[in-house]
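**Student:** Below is the structure I would like to discuss, written out as structure tokens.
There are 4 protein chains.
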Amino acid sequence: MSGPHNAMEPVDTVIQERIRASFDRQGLMRHLGARLGHIGSGRVSIILPSRPEITQQHGYVHAGATSAIADSAGGYAALTVFPPDCEVLTVEYKINLLAPAGGDRIEATGTVVRAGRTLTVCQLEVFTIDGTERSLVAVGQQTLIRLPGQPSGSRD
Amino acid sequence: MSGPHNAMEPVDTVIQERIRASFDRQGLMRHLGARLGHIGSGRVSIILPSRPEITQQHGYVHAGATSAIADSAGGYAALTVFPPDCEVLTVEYKINLLAPAGGDRIEATGTVVRAGRTLTVCQLEVFTIDGTERSLVAVGQQTLIRLPGQPSGSRD
Amino acid sequence: MSGPHNAMEPVDTVIQERIRASFDRQGLMRHLGARLGHIGSGRVSIILPSRPEITQQHGYVHAGATSAIADSAGGYAALTVFPPDCEVLTVEYKINLLAPAGGDRIEATGTVVRAGRTLTVCQLEVFTIDGTERSLVAVGQQTLIRLPGQPSGSRD
Amino acid sequence: MSGPHNAMEPVDTVIQERIRASFDRQGLMRHLGARLGHIGSGRVSIILPSRPEITQQHGYVHAGATSAIADSAGGYAALTVFPPDCEVLTVEYKINLLAPAGGDRIEATGTVVRAGRTLTVCQLEVFTIDGTERSLVAVGQQTLIRLPGQPSGSRD
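Chains as they are written, first to last, in the numbering used here: chain L, -16 to 139; chain A, -16 to 139; chain H, -16 to 139; chain E, -16 to 139.
Listed below in structure tokens is the structure:
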């Protein structure tokens, strides 16, 4: 079991590059208009500007868009603490939508709570940001699995 | 507590129209390329054709896209059993990604397990469909809240 | 990935014995007064008679007691589909309490939804039984990990 | 939506007394041997000494016992921020078991993340304590519903 992660700790450049390259291959992130935010050790954030393409029926951000960036943020947070040749897949997650997400943009942060040899657990938080105001709109908990180098396309 | 729902039971045309109109207002569903499938009493399905815009880094469907249509399917399943003037919001959901989702398209089904005056619980299932083959790629469980007619934009 | 499980299929006697022996070692099950019900392939049930020792503050069955037998039922359901020398540990679960659980007894059923080489997902259901009436009081979803023969005491 | 809760803030004596009286009515807590720990504003802890009566098949604390005290801790954390005449019921929770729980005792803490008029979300943490060592063994996320004074026995 790894110790507590310090998001202030710099992340190896090779790992940063791997995360950026992986993010660029996620067609969904690009299609939604999301971008990588901070990459810290055991903590990664992703930002998604508000736009009509990500809404639900009342004009707020769709839970699916909120979840998508939260899930990716958790996955990349896990990658920052894995050996450099490992891959990650989401096993499952649970998310509570606390309040409607509007504002200029939303920001999801994934933070590693516990990293094991096989399974890693992340805490997920999503904030809505409107000018200088920032408020929590979703919290989640995610389980990820570490896979050896070549992605087998199977989590198991 | 309502009894078990029979998805074979026809759904009132007014409710069907409300669901179609609501779905059309979901910017995310249109942006992803999703379409409504079956609308039954307590059971609604949504179909999402595979395309590069919904992928994760290995080329499979992103968990966020899988979750987005599962979440919407559950929400509309709940709407089929609500009084006609009510709105629905997702409180939370949990989803297990069982296998990589590829194929021609994925299909999510939301089924009402229990409908209460305030809270409704749905079971979520997502299948990947490749030609005539159909296999389960995700299962979830969702809690929804019923709101009176005019959406207040707050779940609570 | 294993196929769908048929709870009507008889379970190997050796596996049945392993499950009974394991259940007998669970101090909590004995302390709560729970007993094993049906053992089918991919499906196991556990029964817990109502008594003051398992209540919450309003006199209904405590969510912790409901969860405890649901969690064990899912774990043993997984064991029925594992190779005979494997162990199981719960990775995580989520449970919705649908209605207060009272009655004569509650019965939890765990059913394997997907069994993989490493991870297994079960659906959990808990019913309250009062004379001849039976009603659903909780539903859950659980992730389990398969461990090789000698329990290492660590899930990971 | 209430603001962030400060667990250092003293809790009204009336509310403390209500929580203690409610805890004493929980047959399960007494049967397991659990006792109330700290009661702060939006944060409550419950302690459970290790003993054979709460174990699973390998001699560690059963996930059901871990969950039971985590669930109660979250419920009482919610009560500390409710108006004095309200009741609370668990809607659902999800818990990840991070490591086997042994040690002298386990301690669960429930912390209110967001308190709404109808629904409240708590974060759950469980530590194992062995002498002076303390390590995280489970994390969870819980949804609770606030009910008016007289418990109706129904969450909905």
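Just so you know, even glycine gets a beta-carbon here, dropped at the ideal spot from N, CA and C.
Label S118 (chain H) either buried or exposed according to how many other C-beta atoms from any shown protein chain fall within 10 Å of its C-beta, with 16 as the threshold for buried.
**Tutor:** Numbered from 1 along the third sequence, position 135 holds the residue referred to as residue 118 (chain H). Its Cβ having fewer than 16 others within 10 Å, S118 (chain H) is exposed.
**Student:** Kindly list the residues whose CB is nearer than 8 Å to the CB of G85 (chain L), restricted to its own chain and excluding five residues on each side of it in sequence; keep chain order.
**Tutor:** Locating residue 85 (chain L) in the first sequence gives position 102, counting from the first residue. Here the set comprises S33, G42, Y43, V44, T111 and D113.
**Student:** For E0 (chain E), list the residues DSSP reports as bridge partners.
**Tutor:** In the fourth sequence, residue 0 (chain E) corresponds to position 17, counting from 1. Looking at the DSSP assignment, E0 (chain E) forms no beta bridge with any residue, so it has no partner.
**Student:** By the criterion of Cβ-Cβ separation under 7 Å, what are the contact partners of L81 (chain E) in chain L?
**Tutor:** Along the fourth sequence, one-based indexing puts residue 81 (chain E) at 98. Per Cβ cutoff of 7 Å: R97 and V104.
**Student:** Tell me whether the stretch 90 to 102 of chain A and the stretch 118 to 132 of chain A touch, counting them as touching only if at least three CB pairs, one residue from each stretch, are closer than 8 Å.
**Tutor:** Touching, yes, given that three or more Cβ pairs across the two stretches are closer than 8 Å.
**Student:** For Q124 (chain L), return the contacting residues in chain E, with the cut-off set at a CB-CB distance below 8 Å.
**Tutor:** As a position in the first sequence, residue 124 (chain L) is number 141, starting the count at 1. Ordered by position in chain E, the residues that pass the 8 Å Cβ test against Q124 (chain L) are K77, N79, V122, G123 and Q124.
**Student:** For a test of the three-state rule: what should DSSP assign to H45 (chain A), helix, strand or coil?
**Tutor:** The sequence position of residue 45 (chain A) within the second sequence is 62, counting from 1. H45 (chain A): coil per DSSP, three-state reduction.
**Student:** When you compare the CB of L119 (chain A) with every CB in chain H, is at least one pair closer than 9 Å?
**Tutor:** Along the second sequence, read from residue 1 onward, the residue named residue 119 (chain A) stands at position 136. It does; some Cβ of chain H falls within 9 Å.
**Student:** Work out the CA separation of L62 (chain H) and V27 (chain H) for me, nearest whole Å.
**Tutor:** For the purposes of this step, residue 27 (chain H) is identified with residue 44 of the third sequence, where counting begins at 1. For the purposes of this step, residue 62 (chain H) is identified with residue 79 of the third sequence, where counting begins at 1. Roughly 10 Å separates the two Cα atoms.
**Student:** Quick check on DSSP: helix, strand or coil for T115 (chain H)?
**Tutor:** Your numbering for residue 115 (chain H) matches position 132 in the third sequence. DSSP places T115 (chain H) in coil when its eight states are reduced to three.
**Student:** Is V64 (chain H) close to chain L? Criterion is C-beta to C-beta, closer than 9 Å.
**Tutor:** Here residue 64 (chain H) is taken as the residue at index 81 of the third sequence, counted from 1. It does not; no Cβ of chain L falls within 9 Å.
**Student:** Is there a Cβ of chain E sitting closer than 9 Å to that of I29 (chain A), yes or no?
**Tutor:** Translated into positions along the second sequence, residue 29 (chain A) becomes position 46. Judged by the 9 Å Cβ criterion, I29 (chain A) is not in contact with chain E.
**Student:** Taking its Cβ as the centre, do 16 or more other Cβ atoms sit within 10 Å of P83 (chain L), making it buried, or is it exposed?
**Tutor:** In the first sequence, the residue the question calls residue 83 (chain L) occupies position 100. With 16 or more Cβ atoms within 10 Å of its Cβ, P83 (chain L) is classed as buried.
**Student:** Determine the DSSP secondary structure at F110 (chain E), reduced to helix, strand or coil.
**Tutor:** On the fourth sequence, position 127 is the one that residue 110 (chain E) refers to. Reduced to three states, the DSSP call for F110 (chain E) is strand.
**Student:** Between E:G132, E:T(-4) and E:A17, which has its C-alpha nearest F225 (chain E)'s C-alpha?
**Tutor:** Since the first residue of chain E shown is -16 and the last is 139, residue 225 (chain E) is not available in this structure.
**Student:** Have a look at A:C69, A:L31, A:V64 and A:F65 and flag the residue whose alpha-carbon is nearest the alpha-carbon of A51 (chain A).
**Tutor:** The sequence position of residue 51 (chain A) within the second sequence is 68, counting from 1. For A51 (chain A), the nearest C-alpha among the options comes from A:L31.
**Student:** Taking just the CA atoms, how far does Y76 (chain L) sit from S24 (chain H)?
**Tutor:** Looking up residue 24 (chain H) in the third sequence gives position 41. Looking up residue 76 (chain L) in the first sequence gives position 93. Roughly 27 Å between the two C-alpha positions.
**Student:** Counting only beta-carbon separations shorter than 9 Å, does L15 (chain E) have a partner in chain H?
**Tutor:** Your numbering for residue 15 (chain E) matches position 32 in the fourth sequence. Yes, contact with chain H.
**Student:** Quick one: does V131 (chain A) have its CB under 9 Å from some CB of chain L?
**Tutor:** Here residue 131 (chain A) corresponds to residue number 148 of the second sequence, with the count starting at 1. Rather than Val, the amino acid found at residue 131 (chain A) in this sequence is Pro. Chain L contact via Cβ: absent.
**Student:** Would you please verify whether the beta carbon of T101 (chain E) is less than 9 Å from any beta carbon of chain A?
**Tutor:** Within the fourth sequence, numbered from 1, the residue matching residue 101 (chain E) stands at position 118. Chain A, which has a Cβ nearer than 9 Å to the Cβ of T101 (chain E), makes this yes.
**Student:** Got a sec: is the Cβ-Cβ distance from V71 (chain A) to anything in chain E below 9 Å?
**Tutor:** Within the second sequence, residue 71 (chain A) is the residue found at index 88, counting from 1. With 9 Å as the cut-off, V71 (chain A) does not count as an interface residue toward chain E.
**Student:** Output the distance between the C-alpha atoms of R88 (chain H) and G10 (chain H), rounded to the nearest integer angstrom.
**Tutor:** By one-based count along the third sequence, residue 88 (chain H) stands at place 105. By one-based count along the third sequence, residue 10 (chain H) stands at place 27. The straight-line gap from Cα to Cα measures roughly 20 Å.
**Student:** Taking the beta strand (DSSP E) that L81 (chain L) belongs to, which residues open and close that run?
**Tutor:** For the purposes of this step, residue 81 (chain L) is taken as the residue at position 98 of the first sequence. Segment: none, L81 (chain L) is in no beta strand (DSSP E) and carries neither H nor E.
**Student:** Leaving aside the five residues before and after Q(-1) (chain E) along the sequence, list all residues of the same chain whose C-beta is less than 7 Å from its C-beta, in chain order.
**Tutor:** The residue you call residue -1 (chain E) lines up with position 16 of the fourth sequence. Closer than 7 Å at the Cβ level, and outside the excluded window around Q(-1) (chain E), lie I22.
**Student:** Are the CB atoms of A98 (chain E) and V64 (chain E) nearer to each other than 9 Å?
**Tutor:** Sequence index remark: in the fourth sequence, residue 98 (chain E) carries index 115 (1-based). Sequence index remark: in the fourth sequence, residue 64 (chain E) carries index 81 (1-based). Against a cut-off of 9 Å, the Cβ pair of V64 (chain E) and A98 (chain E) comes out as a contact.
**Student:** Here's the rule: buried if 16 or more other CB atoms are within 10 angstroms of the residue's CB, otherwise exposed. What is L3 (chain E)?
**Tutor:** Reading the fourth sequence from its first residue, position 20 is the one you call residue 3 (chain E). Residue identity check: residue 3 (chain E) is Arg in the sequence provided, not Leu. That one is exposed.
**Student:** Since R60 (chain L) contacts G93 (chain L) with CB under 8 Å, what's their CB separation in whole angstroms?
**Tutor:** If you number the first sequence from 1, residue 60 (chain L) lands on position 77. If you number the first sequence from 1, residue 93 (chain L) lands on position 110. Correcting the residue type first, residue 60 (chain L) is Ala in the shown sequence and not Arg. Indeed, because the Cβ distance is near 4 Å, the residues count as touching under 8 Å.
**Student:** Quick one: using the 10 Å Cβ neighbour count with 16 as the cut-off for buried, is D54 (chain L) buried or exposed?
**Tutor:** As a working note, residue 54 (chain L) is residue 71 in the first sequence. By the neighbour-count rule (16 or more Cβ atoms within 10 Å), D54 (chain L) is buried.
**Student:** Using three-state DSSP, classify P35 (chain A) as helix, strand or coil.
**Tutor:** Along the second sequence, one-based indexing puts residue 35 (chain A) at 52. The answer is helix: DSSP assigns P35 (chain A) an H, G or I state.
**Student:** If we define contact as Cβ-Cβ less than 9 Å, is T94 (chain A) a contact residue for chain L?
**Tutor:** Start at 1 with the first residue of the second sequence, and residue 94 (chain A) comes out as number 111. For T94 (chain A), the answer is no, since every Cβ of chain L falls outside 9 Å of its Cβ.
**Student:** Shorter than 9 Å from the beta carbon of I37 (chain L) to some beta carbon of chain H?
**Tutor:** The residue labelled residue 37 (chain L) in the question sits at position 54 within the first sequence. Chain H, which has no Cβ nearer than 9 Å to the Cβ of I37 (chain L), makes this no.
**Student:** Can you grab the Cα-Cα spacing for the pair L130 (chain L) / H14 (chain E), in whole Å?
**Tutor:** As a working mapping, residue 130 (chain L) is identified with position 147 in the first sequence. As a working mapping, residue 14 (chain E) is identified with position 31 in the fourth sequence. One C-alpha to the other measures close to 43 Å.
**Student:** Within 9 Å (strictly less), CB to CB, does I128 (chain E) reach chain A?
**Tutor:** What you label residue 128 (chain E) is simply residue 145 of the fourth sequence in a count that begins at 1. Interface residue, yes.
**Student:** I'd like to check one pair, V122 (chain L) with Q106 (chain L): are the Cβ atoms closer than 9 Å?
**Tutor:** If you number the first sequence from 1, residue 106 (chain L) lands on position 123. If you number the first sequence from 1, residue 122 (chain L) lands on position 139. Yes, these two residues count as a Cβ contact at 9 Å.
**Student:** Any Cβ of chain E within less than 9 Å of the Cβ of R20 (chain H)?
**Tutor:** One-based indexing of the third sequence puts residue 20 (chain H) at position 37. Going by the sequence as given, residue 20 (chain H) is Gly instead of Arg. It does not; no Cβ of chain E falls within 9 Å.
**Student:** Listing by chain order, which chain A residues have their CB less than 9 Å from the CB of S50 (chain L)?
**Tutor:** Along the first sequence, one-based indexing puts residue 50 (chain L) at 67. Simply A46, G47, S50, A51, D54, Y76 and I78.
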